[in-house]
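A.B. asks:
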Amino acid sequence: MEDDIEDVQILNRIIKNADPENRSDLEILHCSSLADGLQELTKNSIDAVLLDLSLPDGFGISTFEKVHKHFPNIPIVVLSSLDDEHLAMKAVKMGAQDYLVK
Numbered sequence: 277m278e279d280d281i282e283d284v285q286i287l288n289r290i291i292k293n294a295d296p297e298n299r300s301d302l303e304i305l306h307c308s309s310l311a312d313g314l315q316e317l318t319k320n321s322i323d324a325v326l327l328d329l330s331l332p333d334g335f336g337i338s339t340f341e342k343v344h345k346h347f348p349n350i351p352i353v354v355l356s357s358l359d360d361e362h363l364a365m366k367a368v369k370m371g372a373q374d375y376l377v378k
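Per my numbering: the sequence shown = residues 277 to 378.
(1) Look at the alpha carbon of Thr318 and the alpha carbon of Phe347, and state the distance between them as a whole number of angstroms.
(2) Spatial neighbours of Lys366 within its chain, please: C-beta separation below 7 angstroms, excluding the five flanking residues on both sides.
(3) Excluding sequence positions up to five away, which residues of its chain have a Cβ less than 8 angstroms from the Cβ of Leu305?
(4) Using only CA atoms, which one of Ser308, Lys369, Ile286, Ala324 lies nearest to Leu331?
(5) Return the CA-CA distance between Asp360 and Leu287, expressed in angstroms with no decimal places.
(6) Whole angstroms are fine: how far does the CA of Leu327 sit from the CA of Pro351?
(7) Does DSSP put Ile352 in a helix, in a strand, or in coil?
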């Protein structure tokens with residue numbers, strides 16, 4: 277879930293460059309709000325979530341909490357523009373797979 281389309285394009289390039297021979301059947305689904313993301317998680321079989329903590333309808337660690345509460349078995353990697361070690365540790369202790377600074 278990411279509201280900044282430029283960040284989405286960068287992530288798409290990074291992921292596609294990681295598999296230059298296109299051997300995986302990886303599909304990236306973009307949701308620009310927490311509500312849209314939660315709806316897609318309910319409707320589709322999602323293997324992992326890249327989650328921005330600054331969405332139009334969710335901010336901070338509560339954004340992670342909402343997703344993790346409803347989908348505790350889906351790995352979540354938190355993406356944030358905040359280089360905040362305390363927040364990163366909190367997210368990982370709460371169940372995030374990782375915390376990456378954009």
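Note that beta-carbon positions come from the ideal geometry of N, C-alpha and C, so glycine has one too.
C.D. replies: So, from the listed chains and residues:
(1) Looking up residue 318 in the sequence shown gives position 42. Looking up residue 347 in the sequence shown gives position 71. Spanning the two alpha carbons is a distance of roughly 9 angstroms.
(2) Sequence index remark: in the sequence shown, residue 366 carries index 90 (1-based). Cβ neighbours of Lys366 beyond the five flanking positions: Ile337.
(3) As a working note, residue 305 is residue 29 in the sequence shown. Once the five neighbours on either side are set aside, the close Cβ partners of Leu305 are Glu316, Asn320, Ile322.
(4) For the purposes of this step, residue 331 is identified with residue 55 of the sequence shown, where counting begins at 1. Answer by Cα proximity: Ser308.
(5) On the sequence shown, position 84 is the one that residue 360 refers to. On the sequence shown, position 11 is the one that residue 287 refers to. Cα to Cα, Asp360 sits roughly 21 angstroms from Leu287.
(6) The count along the sequence shown starts at 1 and reaches residue 351 at position 75. The count along the sequence shown starts at 1 and reaches residue 327 at position 51. Roughly 10 angstroms between the two C-alpha positions.
(7) Indexing the sequence shown from 1 puts residue 352 at position 76. In this structure, Ile352 counts as strand in the three-state DSSP scheme.
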